[in-house]
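In numbering that gives the first Met the number 0, the protein residues as written are 0 to 205. Below: one structure, written as structure tokens.
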Amino acid sequence: MSEASQSVLHQVEAKETFDSERYTYVRVAEGDEEYWVAISKQPVEVGKKYVFQKGLMKKNFFSPEFNRVFETLYLVSDFRPMGGTNQAEDVLSALQSGDVLKVDPNQITRPEGSVPLSELFENMSKYNGKQIVVTGKVVKVNPMIMGRNWIHIQDGTVEGKDLTVTTMENIPLGHVVSFEGTIALNKDFGAGYRYDIILEGAVVKK
């Protein structure tokens with residue numbers, strides 16, 4: 000799958016699969032091409048066809064858990080079984096409309112001590128300069144800008160408002176994740192990157 004083709008709908012067949020603690024790795028075939036994808040941990044049936052759109056490409060991705068290097072790996076969200084052409088078209092329509100990124104607060108499980116975004120936005124000065132944990136669904140990813148990934152999360156407690164997180168972690172769209180980092184207010188990075196509030200230097204909280 001070339002970088003230019005990442006925005007189209009991909010119909011693939013699962014050839015091999017295994018799970019890590021957080022992800023399912025799947026070797027897929029798309030026509031004559033085979034490659035690996037990493038998705039949220041879920042059951043995947045070898046020989047079954049699946050559909051997805053977009054993927055964050057990683058070259059020579061090393062998995063310490065399996066002590067192996069994936070020459071080309073795509074971090075993929077919304078990896079779904081395909082039942083036929085109509086279903087594939089329905090999935091494409093849903094992906095393009097953005098419906099898959101709607102956040103239901105009932106689907107967000109926060110670890111103890113995680114701060115809801117509604118609380119954070121209402122009391123920003125209270126958390127300024129403090130290290131906190133937040134939990135949400137990834138709704139936007141801007142990889143490797145100014146040497147870091149810019150990830151936007153929502154948790155459904157504040158409609159239409161997300162928190163920007165800077166991190167070295169690679170988290171695909173659609174994943175629910177807890178980040179631990181430091182809150183900063185009125186942060187201006189230049190080049191149009193200015194934020195009233197941002198979580199910096201975040202790591203995934205397991």
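Where a beta carbon is used, it is the ideal one built from N, C-alpha and C, also for glycine. Fair warning: this is a prediction, and the values are worked out from it, not measured in the lab.
Query raised in the report: residue 114 to residue 32, Cα distance in whole Å?
Result: 44 Å
Query raised in the report: Closest to residue 38 by CA distance: which of 144, 122, 18, 185 is it?
Result: 18
Requested in this report: In angstroms with no decimal places, state the Cα-to-Cα distance between residue 119 and residue 126.
Outcome: 7 Å
Report task. Look up residue 142 in the DSSP assignment and say whether it is helix, strand or coil. Result -> strand
Requested in this report: Give the single residue among 195, 104, 158, 24 whose Cα lies nearest to the Cα of residue 65.
Outcome: 24
Query raised in the report: Can you give the Cα-Cα distance for residue 54 and residue 20, rounded to whole angstroms?
Result: 20 Å
Query raised in the report: Per DSSP, what kind of secondary structure is residue 182 in: helix, strand or coil?
Result: strand
Query - Bridge-paired residues (DSSP) for residue 15 - result: 26
**Report entry** residue 123: first and last residue of the uninterrupted alpha helix (DSSP H) it sits in
**Finding:** 123-126
Report task. Keeping to the same chain, check which residues put their C-beta closer than 7 Å to that of residue 142; ignore five residues upstream and five downstream. Result -> 55, 148
Query raised in the report: Candidates 102, 180, 172, 171: which alpha carbon is nearest residue 214's?
Result: In this structure the chain extends from 0 to 205, so residue 214 is not present and cannot be described.
Requested in this report: Taking residue 145 and residue 196 to be in contact with their CB atoms under 8 Å, please state how far apart those CB atoms are, rounded to whole angstroms.
Outcome: Not really, about 18 Å apart at Cβ, beyond 8 Å.
Requested in this report: Name, in chain order, the residues that DSSP records as bridge partners for residue 80.
Outcome: 49
**Report entry** Of the listed residues 74, 63, 156, nearest to residue 35 (C-alpha basis)
**Finding:** 74
Report task. Could you name the residues of the same chain whose beta carbon sits closer than 7 Å to that of residue 150, not counting the 5 residues immediately before and after it, in chain order? Result -> 137, 140, 164, 166, 170
Requested in this report: Grab me the residues of residue 4's own chain with a C-beta within less than 7 Å of its C-beta, minus the 5 sequence neighbours each way, in chain order.
Outcome: Here the model assigns residue 4 a pLDDT of 43, short of 50, so the residue's position is not dependable, and the following value carries that caveat. None.
Requested in this report: Report the rounded CA-to-CA distance for residue 108 versus residue 47, giving the unit in angstroms.
Outcome: 30 Å
Report task. Could you check if residue 154 is buried or exposed, using at least 16 other CB atoms within 10 Å of its CB as the buried criterion? Result -> buried
**Report entry** Assigned secondary structure, residue 120 (DSSP; H/G/I helix, E/B strand, else coil)
**Finding:** helix
Query raised in the report: For residue 206, which residues from the same chain have a beta carbon less than 8 Å from its beta carbon, with the 5 sequence-adjacent residues on both sides left out?
Result: Nothing about residue 206 can be reported from this structure: the residues present for the chain run from 0 to 205 only.
Query - Simplified DSSP assignment, three categories, for residue 105 - result: helix
Query raised in the report: Got a sec? Which residues, its chain only, sit under 8 Å from residue 10 by beta carbon, not counting five neighbours each side?
Result: 29, 48, 49, 50, 81, 87
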